[in-house]
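In this note's numbering, the protein residues as written are 94 to 312.
Positions of the beta carbon are idealized from the N, C-alpha and C atoms, including for glycine.
Read the structure below first, then the notes.
Put into structure tokens, the structure is as follows:
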């Protein structure tokens with residue numbers, strides 16, 4: 094409407110379209126996020142999670158933050174951030190986000206690769222406690238947890254982890270930035286990928302029993 098009112102040229106329309114696409118995919122550098130602080134960053138995520146009715150998470154590398162136990166969370170955060178950033182307050186802020194799992198008005202879907210659960214971030218007792226936590230959360234009526242076995246052919250390339258907030262926003266973390274994707278057709282593509290990944294997953298109970306047995310046996 095604005096372009097029509099101002100009689101924009103074809104070249105100007107193309108430029109406007111490019112600007113809209115840039116706005117729909119925003120990247121925030123980790124340097125800026127570090128200035129915010131890990132505790133504050135967890136609070137920002139919590140506010141976003143509170144706004145939506147559904148959250149879908151694909152994680153090929155580690156257990157998703159919403160499902161982590163304290164010791165696992167601390168170790169994973171230390172892998173990605175400097176020691177001075179990973180404070181007890183930052184870990185607690187991540188754990189406090191998990192309260193939302195018990196809000197039955199919201200729906201959660203997690204798809205995790207078996208490789209992510211075999212990625213050792215601590216001694217066997219930490220991994221066993223983490224697997225026990227997954228079994229517990231998988232029993233919640235508003236949580237669906239699927240695990241893609243290592244032996245299963247990858248249904249799509251595991252390019253990166255991502256989180257979907259409703260059908261409006263996808264969050265993707267890289268080594269240097271956090272991307273927020275809002276363009277409708279891009280979000281729809283992530284929804285399609287998630288559906289494919291979910292279709293390739295097994296129920297959590299079956300996969301977790303096997304993993305607990307292997308971790309206990311030191312495999």
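| field | Close-in-space but distant-in-sequence residues of the same chain around residue 289 (CB under 7 Å, 5 per side omitted) | value | These residues qualify, in order along the chain: 248, 249.
| said: Measuring alpha carbon to alpha carbon, tell me which residue in 253, 165, 180 is nearest residue 218. | reply: 165
| task | Could you name each continuous beta strand (DSSP E) segment of 3 residues or more that falls completely within the stretch 138–176, going from the start of the chain to the end? | result | 147–152
| Beta-carbon contacts of residue 215 that lie in its chain and below 7 Å, excluding the five residues immediately before and after | 164, 165, 168
| query | Where does residue 252 fall in DSSP's three states? | reply | coil
| query | To the nearest angstrom, how far is it from the Cα of residue 203 to the Cα of residue 149? | reply | 6 Å
| query | Going by the beta-carbon positions, is the gap between residue 132 and residue 182 smaller than 8 Å? | reply | yes
| said: If I measure Cβ to Cβ from residue 122 and keep anything under 6 Å in the same chain, skipping five residues before and after, which residues do I get? | reply: Confidence is the limiting factor: at residue 122 the pLDDT is only 48, short of 50, which leaves the residue's position unreliable and the question unanswerable from this model.
| task | List the endpoints of the continuous beta strand (DSSP E) containing residue 262. | result | 262–266
| request: Keeping to the same chain, check which residues put their C-beta closer than 7 Å to that of residue 281; ignore five residues upstream and five downstream. | output: none
| Distance between beta carbons of residue 226 and residue 301, contact taken as under 8 Å | Residue 301 to residue 226, Cβ: 10 Å. No contact.
| message | Using the three-state DSSP reduction, which class does residue 244 fall into: helix, strand or coil? | response | DSSP places residue 244 in the coil class of the three-state scheme, outside both helix and strand.
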